[in-house]
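Using our numbering, you'd call the opening residue of the sequence shown number 130 and step up by one each time. Cβ coordinates follow ideal geometry from the N, Cα and C atoms, glycine included. Note that the structure is predicted; figures quoted are calculated from it, not measured. Let me begin by presenting the structure, written as structure tokens, before commenting on it.
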Amino acid sequence: MSQESISTISGQKLPLKIGKLEKVIGGVYLVLIACAEAATIYNPISGITFHIGIFFALLINSIVIKKSAFSGLLLALAIAPLIRILSLAMPLTHFGYMMWFLLISIPIFIAILACMMIQRLSLKDVGIALPKAKDIPIEFGVVLLALPIGILEYKLLTPAPLLYSLEPSFLVAPVLIMVIYTGFVEELAFRGLMQYHALKTMGWWGILFVSLIFAIMHIGNLVLWDVLLAFSLGGIYALVVKKTGSLYGVSLSHGVVNIILFLIAPLYF
Numbered sequence: 130m131s132q133e134s135i136s137t138i139s140g141q142k143l144p145l146k147i148g149k150l151e152k153v154i155g156g157v158y159l160v161l162i163a164c165a166e167a168a169t170i171y172n173p174i175s176g177i178t179f180h181i182g183i184f185f186a187l188l189i190n191s192i193v194i195k196k197s198a199f200s201g202l203l204l205a206l207a208i209a210p211l212i213r214i215l216s217l218a219m220p221l222t223h224f225g226y227m228m229w230f231l232l233i234s235i236p237i238f239i240a241i242l243a244c245m246m247i248q249r250l251s252l253k254d255v256g257i258a259l260p261k262a263k264d265i266p267i268e269f270g271v272v273l274l275a276l277p278i279g280i281l282e283y284k285l286l287t288p289a290p291l292l293y294s295l296e297p298s299f300l301v302a303p304v305l306i307m308v309i310y311t312g313f314v315e316e317l318a319f320r321g322l323m324q325y326h327a328l329k330t331m332g333w334w335g336i337l338f339v340s341l342i343f344a345i346m347h348i349g350n351l352v353l354w355d356v357l358l359a360f361s362l363g364g365i366y367a368l369v370v371k372k373t374g375s376l377y378g379v380s381l382s383h384g385v386v387n388i389i390l391f392l393i394a395p396l397y398f
């Protein structure tokens with residue numbers, strides 16, 4: 130395990146203050162990613178160009194910055210613009226929705242693994258670990274939370290159904306894709322890799338920082354309440370991972386939210 134493990138794993142205290150450098154650079158990248166997301170709404174070409182610029186800026190900054198913990202956060206943060214670059218580069222008109230999810234998830238997962246290898250992180254460092262027995266009720270509770278959240282998000286977004294039948298033979302592949310991509314891969318990116326470095330660099334403020342990034346990535350849905358919901362849910366997931374040291378509960382919960390949102394609710398609500 131990395132010697133710089135966060136307190137959820139090693140019991141080390143989190144930093145109480147954020148350095149000026151971290152405040153300025155972190156704030157700038159929050160604003161830049163938000164602006165890039167807004168640009169994507171009005172002009173996808175401008176948006177993807179903006180995100181590409183942010184992506185390379187983060188990579189360069191992660192090399193130039195001498196503080197190893199903050200350098201790691203910047204490298205991890207590059208996953209956010211990468212998600213949008215890939216989603217814009219693979220238009221839905223060329224693929225079915227499920228295949229689109231799958232194709233995006235593969236390079237993102239590879240990028241996360243590359244970051245982990247470069248930074249010499251263990252699986253446990255990023256939350257790939259079974260929760261302790263005493264934390265099982267928390268994991269169970271966060272999965273149950275997905276049921277009302279999925280319905281609420283459907284009411285906010287009302288997406289068209291991706292399936293027109295809920296027969297088991299039609300459900301297996303979409304459910305697996307939702308749980309693995311929108312569940313595990315996204316949680317590994319945000320509550321795993323990014324949160325690991327954000328907590329080391331910013332202490333408890335790291336939870337706020339990663340939750341804001343997660344919410345900003347929902348701006349393209351054009352519903353303010355959905356952005357606020359994403360921020361709130363991201364914060365809850367972050368606290369659960371902070372407490373349990375495991376991504377499994379939040380990954381399943383995130384997947385269930387999207388199963389309800391895209392597969393079940395459009396047919397029943």
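How should G225 be labelled, buried or exposed, when 16 other C-beta atoms within 10 angstroms of its C-beta is the threshold for buried?
exposed
Simplified DSSP state of N172, which is helix, strand or coil
coil
CA-CA distance, S294 and G335?
42 Å
Tell me, please, whether the region 375-392 touches the region 259-275 by the rule of three or more beta-carbon pairs shorter than 8 Å.
yes
Out of M245, L358, G176 and M227, state which residue places its alpha-carbon closest to the alpha-carbon of I214.
G176
I need the DSSP call for S384, collapsed to helix, strand or coil.
Strictly speaking, residue 384 in this sequence is Gly, with Ser absent from that position. Residue state, collapsed to three classes: helix.
Is it the case that the Cβ atoms of P260 and S375 are separated by a distance below 8 Å?
yes
Hey, would you say R402 sits closer than 8 Å to V356, going by beta carbons?
Given that the chain is displayed from residue 130 to residue 398, the structure contains no residue 402 and the question cannot be resolved.
Using only CA atoms, which one of L150, L286, K263 and G201 lies nearest to L250?
G201
Within 10 Å of its beta-carbon, does A394 have 16 or more other beta-carbons around it, so buried, or fewer, so exposed?
buried
To the nearest angstrom, how far is it from the Cα of V255 to the Cα of C244?
11 Å
Once DSSP output is grouped into helix, strand and coil, what is the label at M130?
Here M130 scores only 37 on pLDDT, less than 50, and its place in the model should not be relied on; the value that follows carries that caveat. In this structure, M130 counts as coil in the three-state DSSP scheme.
For K263, name the three-state secondary structure that DSSP assigns.
helix
Between E282, A207, L161 and N190, which has its C-alpha nearest L353's C-alpha?
E282
What does a CB cutoff of less than 7 Å around H326 pick up in its chain, not counting 5 residues either side in sequence?
A198, G201, L202 and A205
For D264, which residues in the same chain have their Cβ closer than 6 Å to its Cβ, ignoring the five residues on either side in sequence?
T373
According to DSSP, is Y158 part of a helix, a strand, or is it coil?
helix
Just curious, the alpha helix (DSSP H) that P290 is in, first and last residue?
Counting along the chain, P290 falls outside any alpha helix (DSSP H), and DSSP gives it neither H nor E.
Stretch-stretch touch, CB-based, cutoff 8 Å, three pairs: the region 296-312 with the region 228-242
yes
Just verifying my parser: in three-state terms, what is the DSSP assignment at G140?
Note that G140 has pLDDT 46, beneath the 50 cutoff, so the model's placement of it is unreliable and the number below is only indicative. In this structure, G140 counts as coil in the three-state DSSP scheme.
Rounded C-beta distance between L341 and L159? I'm assuming under 8 Å.
6 Å
Quick one: give me the first and last residue of the alpha helix (DSSP H) that L351 is part of.
It is not in any alpha helix (DSSP H) - L351 carries neither H nor E in the DSSP assignment.
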